[in-house]
Amino acid sequence: MLGYFFYVLTFLIVIGFTFFSASKPTLIGENAMGYGLGLAFFGLAFTISSLILTLIVGWKGGFNWVSDQSFNRNILVGLGWLCVAIATFACAAFKWEWHGEFPQFLRWLAKSNGQTWIPLLMLIPYFSLLNDEIRASLSPQVYKIPLIIAFGLTAFMALGILFGWLRDSAKQQTARMEESKERYDNRQVEHLDFINKQKPTDPILNLLSLSGRFTPQEVRSAAVAKIKSHPDWEAELIKVLEDDYYYSNAYSFIDGNAVEHPELFLKPLNNSILHMATEIQESITDSNNLQDWHFEHLGIERLFRAIDEQFLNKGMDFRPAAMKLQEALKTTPPERFKNVRFKETLLVKDWLKRH
6 MLGYFFYVLT FLIVIGFTFF SASKPTLIGE NAMGYGLGLA FFGLAFTISS
56 LILTLIVGWK GGFNWVSDQS FNRNILVGLG WLCVAIATFA CAAFKWEWHG
106 EFPQFLRWLA KSNGQTWIPL LMLIPYFSLL NDEIRASLSP QVYKIPLIIA
156 FGLTAFMALG ILFGWLRDSA KQQTARMEES KERYDNRQVE HLDFINKQKP
206 TDPILNLLSL SGRFTPQEVR SAAVAKIKSH PDWEAELIKV LEDDYYYSNA
256 YSFIDGNAVE HPELFLKPLN NSILHMATEI QESITDSNNL QDWHFEHLGI
306 ERLFRAIDEQ FLNKGMDFRP AAMKLQEALK TTPPERFKNV RFKETLLVKD
356 WLKRH
């Protein structure tokens, strides 16, 4: 009795699916959303109901003819049912909204109301497979042939859907890459235009963020050249390094760009680390929104890389300042942020360990 209940339920869902997709919907705005929700409802309802029905048929021994091995039988029938469910939903979806990346035969099947006759190819033999007496009174070909056609055809359709999905994904990926490249090129042009408009009287602070190690080479070279075109560019850079607010901007330049007189930078650089330690300590104590990335903008990694490359062993011991920085990062935060662990803590610890 339970089997026939789900049989009738599945059949009614198929009829509902047929009527729902019979006329072309208005695929604009709320109508498109409503139609999409309707497709999802009928597709999910058919999937669940037909799955339960298939399990009941299998439990009654209706698929014993498929294979003597229960594992193989379950795999084959399970894949067959899944392909029918996928193909049914695809036919309903493709009937009125087509995507050219999918094989053309899928559109033909959708236009022929495949969401109706494909599940019927499965449901018709299911009726006899639910009842031992009915099944015994019929030729095995009566239920075998329609079911083999249903499973075989929909497996072929599933491969076509997979092929179309892969091709559509590749097309979208290509479009995203082209769009990303276009944005990248536009930013390059904007940055180069900005650099070219800078005058020797403009502060080099405007250009420091474009002079970093990981800035695209063309932009970086233009920014560095413009900075070095200032007669006293090193003095200006030191002034930035000594500024209580903008000091970390100088790290972008000195990380990867050599200065001509590194000895002039030693004390300002060391003082900037001490100032950073004070700033971090105060930020942790007074902050109402601490995150593990909270101090990324300070450029501690750039700082230590610059020290290692051009300021180490030049007459300044940076370890005491770095230890102050380490202590600042260990400042006890407000109770609600007690589990926050700053990423920069490991950077400082590693640098101190190496030096």
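In terms of the numbering used here, the sequence shown is residues 6 to 360.
Cβ atoms here follow ideal geometry from the backbone N, Cα and C, with glycine treated the same way.
Just tell me which of 162, 107 and 83 has its CA closest to the CA of residue 55.
-> The residue labelled residue 55 in the question sits at position 50 within the sequence shown. Comparing Cα-Cα distances from residue 55 to each of 162, 107 and 83, the minimum goes to 83.
Determine the contact status of residue 155 and residue 89, defining contact as a CB-CB distance below 8 Å.
-> In the sequence shown, residue 155 corresponds to position 150, counting from 1. In the sequence shown, residue 89 corresponds to position 84, counting from 1. A contact, by the Cβ cut-off of 8 Å.
How is the alpha helix (DSSP H) around residue 280 delimited, first residue to last?
-> One-based indexing of the sequence shown puts residue 280 at position 275. Its alpha helix (DSSP H) spans residues 271 to 291.
Cβ neighbours of residue 211 in the same chain (closer than 7 Å, five flanking residues each side left out) | As a first step, residue 211 must be located in the sequence shown, where it is residue number 206. For residue 211, where only same-chain residues beyond five positions count, the Cβ hits under 7 Å are 203.
On the three-state DSSP scale, how would you describe residue 162?
-> As a position in the sequence shown, residue 162 is number 157, starting the count at 1. DSSP places residue 162 in helix when its eight states are reduced to three.
Starting from residue 296, trace the alpha helix (DSSP H) both ways and give me its first and last residue.
-> By one-based count along the sequence shown, residue 296 stands at place 291. Unbroken run through residue 296: none, as it is neither H nor E.
Go through the stretch 159 to 240 residue by residue and report every complete run of the alpha helix (DSSP H) that reaches 4 residues or more, in order.
-> 210 to 213 and 222 to 233
So, helix, strand or coil for residue 70, using DSSP?
-> As a first step, residue 70 is located in the sequence shown; it is residue number 65 there, counting from the start. Residue 70 falls in the coil class under three-state DSSP.
Any idea what DSSP makes of residue 40, helix, strand or coil?
-> Your numbering for residue 40 matches position 35 in the sequence shown. Three-state result, residue 40: helix.
Counted within 10 angstroms of its Cβ, other Cβ atoms place residue 320 as buried (16 or more) or exposed | Residue numbering aside, residue 320 sits at position 315 when the sequence shown is read from its first letter. Exposed is the call here.
To the nearest angstrom, how far is it from the Cα of residue 14 to the Cα of residue 184?
-> In the sequence shown, the residue the question calls residue 14 occupies position 9. In the sequence shown, the residue the question calls residue 184 occupies position 179. About 48 Å.
Would you kindly work out how many angstroms separate the C-alpha atoms of residue 237 and residue 327, rounded to a whole number?
-> Taking the first residue of the sequence shown as position 1, residue 237 is located at position 232. Taking the first residue of the sequence shown as position 1, residue 327 is located at position 322. Distance between the alpha carbons of residue 237 and residue 327: 29 Å.
Is residue 93 helix, strand or coil by DSSP?
-> The sequence position of residue 93 within the sequence shown is 88, counting from 1. Helix, per DSSP.
In this structure, does DSSP put residue 141 in helix, strand or coil?
-> The sequence position of residue 141 within the sequence shown is 136, counting from 1. Of the three classes helix, strand and coil, the one that applies to residue 141 here is helix, per DSSP.
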